[in-house]
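Chemist: Under the working numbering, the first residue of the sequence shown carries the number 53, and numbering increases by one thereafter.
Think of the CB as a built atom: it goes at the ideal place given N, C-alpha and C, for glycine as much as any other residue.
Right, I'll just put the structure down here and ask away after.
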Amino acid sequence: MSKNKQTKFAELDALPNVLQYPYKVLKSLEGRFPYRGVWGTKVFGNDHPIIIELGCGRGEYTVELARNHPENNYIGIDIKGNRMWSGATTAHREGLGNVRFLRAEIESLTSFFGDGEVSELWLTFPDPQMRKVRKRLTSTHFLMQYKQILRSPKLLHLKTDSQFLFTYTSLVAKHNGLEVLECYKDIDEEVSETSDLRRIQTYYESQWRGRGISIKYLKIALDNLSHTPIEPTEEVPWDSYRSYGREARNTMNQTNQKI
C-alpha cells in the first residue's frame with residue numbers, strides 16, 4: 053500500500069462519520085451489524101428518510117445531495133476507503149450531520165439495513181459488468197436485495213454513461229413488470245439544467261462527458277418484483293469504448309459526437 057493510501061486509511065479511521073465493516077469485520081461479528089434497523093435513531097438521531105448511494109467512489113454525489121437536502125439522511129457505500137476519504141473529509145469539514153459513509157462490500161447490503169429501512173437507492177456510474185451478470189448492480193440478484201431494504205415506493209435511481217447498462221436495466225424492468233417512473237437517454241437534452249440530476253456531477257461523469265458520451269437516467273419502482281425474478285435473454289450490444297483496454301481508453305481522442 054502506498055504512503056498516500058496509508059495516510060488516508062489512518063485518517064479514515066479517525067473520522068466520526070465513517071463506519072468500516074468490510075467482510076472480515078462483519079464475519080467476526082457473525083453478521084450482527086450493530087446499527088441494522090436503527091440507523092435513524094442510533095446513527096443520525098432522527099427519523100428522516102435514509103437514502104443510500106452504492107459504489108459512491110469519492111462521495112461527491114452523496115455529499116452534494118446532503119448539502120441540497122438537509123431534510124434527508126444520506127449514506128455513501130463503497131469498499132475502497134482511499135476514494136471514500138475525499139467525500140468523508142469534506143462532509144466532516146463542512147459539519148454535514150446528515151451524511152455517513154460505510155466502507156463495506158455491497159454484496160452484504162441486507163446485513164447492514166433492516167427490511168424497509170431505506171427510502172431510496174442511487175447507483176451512479178457503476179461498472180456495467182458486461183461479462184458478469186451476477187456482478188451487475190441492476191441484475192435481479194441485486195434487485196432482490198434492494199427490494200428487501202427499501203420501503204414503498206421502492207425507488208431505484210440509475211445514472212450511467214453506459215448504453216449497455218441502460219438497455220439491460222430497461223429490459224429487466226420490462227420483463228419483471230416494474231414501473232419505470234422516469235427514463236432519459238440524454239439528460240442534457242431532456243432534463244432542466246437546474247435539476248440535481250444535471251447539476252451534480254461525479255468525477256467519472258465529467259470524464260465521460262469529456263468524451264462526448266451522453267448521460268442516461270432511469271428511475272424505477274421495485275414494488276412489483278416477484279420472488280422469482282426474470283433475467284433478460286436478449287443480447288445487448290456492448291459499449292465499444294469500454295471494450296478497449298485501459299491504456300487504449302486513456303488515449304482515445306475526445307469526440308463531440310454523442311453516443
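1) Mark Q215 as exposed unless 16 or more other C-beta atoms lie within 10 angstroms of its C-beta, in which case mark it buried.
2) Short of 6 Å in beta carbon distance, which residues of its chain neighbour E63, apart from the five on each side in sequence? Order them along the chain.
3) State the Cα-Cα distance for the pair L71 and D99, rounded to the nearest angstrom.
4) Assign T219 to one of three DSSP states: helix, strand, or coil.
5) Run the CB neighbour count on R186, radius 10 Å, all protein chains shown included, and call it buried at 16 or more, exposed below.
6) For the candidate residues G109, A140 and P101, whose alpha-carbon lies nearest to that of H121?
7) Under a Cβ-count criterion, where at least 16 other Cβ atoms within 10 Å of its own Cβ denotes burial, should E105 be classed as buried or exposed?
8) Check whether the Cβ atoms of K211 and I267 lie closer than 8 Å to each other.
9) For T254 and H279, I'd like the C-alpha separation in whole angstroms.
10) Thinking C-beta only, is L277 closer than 8 Å to L230?
11) Taking the alpha-carbon of E169 as reference, which of A156, R145, P180 and Y198 has the nearest alpha-carbon?
Modeler: Short version:
1) buried
2) none
3) 19 Å
4) helix
5) exposed
6) P101
7) Answer is buried; the Cβ neighbour count reaches 16.
8) yes
9) 34 Å
10) yes
11) Nearest option by C-alpha distance: Y198.
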